[in-house]
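Notes follow the structure.
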Amino acid sequence: MEINIDVIKYLVSKNADINAQDNEGYTALNKTLTTMPDFEIAHFLIEQGADVNIKNKREYGMAERRRKSYA
1 MEINIDVIKY
11 LVSKNADINA
21 QDNEGYTALN
31 KTLTTMPDFE
41 IAHFLIEQGA
51 DVNIKNKREY
61 GMAERRRKSY
71 A
């Protein structure tokens, strides 16, 4: 899946909640870094205030997910 950064910028400009979580607890930042990965979008989300400490329903934060993906 490819996401265009212009779409992300548009949604943020319309006050989209960048820390919103899906039904499994993943945020846009989590998805951006673990499934794509798109560092341009991740950098933009962090600049806009994305919380890097939000955990999903399994209580994994971004650091734990990255460690598990390399294990």
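Each residue of the sequence shown is one higher than the one before, counting from 1 in UniProt numbering. All residues carry an ideal CB built from backbone N, CA and C; glycine is no exception.
In this structure, does DSSP put residue i in helix, strand or coil?
i: V7; result: helix
i: Y70; result: No answer about Y70 holds up, because its pLDDT of 48 lies below 50 and its placement is not dependable.
i: V12; result: helix
i: A50; result: coil
i: N56; result: coil
Residue range of the alpha helix (DSSP H) that residue i falls in?
i: N23; result: No alpha helix (DSSP H) holds N23; DSSP gives it neither H nor E.
Going by alpha carbons, who is nearest to residue i out of the options?
i: T8; options: V52, I54, T34 and A28; result: In the sequence on display, residue 8 carries Ile and not Thr. Measuring from the Cα of I8, the nearest candidate turns out to be A28.
i: Y10; options: L33, F44 and N53; result: F44
i: D6; options: L33, E40 and G25; result: E40
Which same chain residues, not among the five before or five after residue i, have their C-beta less than 7 Å away from its C-beta?
i: K32; result: Here residue 32 is Thr; the residue named in the question, Lys, does not match the sequence. Excluding residues within five positions, the ones whose Cβ falls inside 7 Å are D38, I41, A42 and L45.
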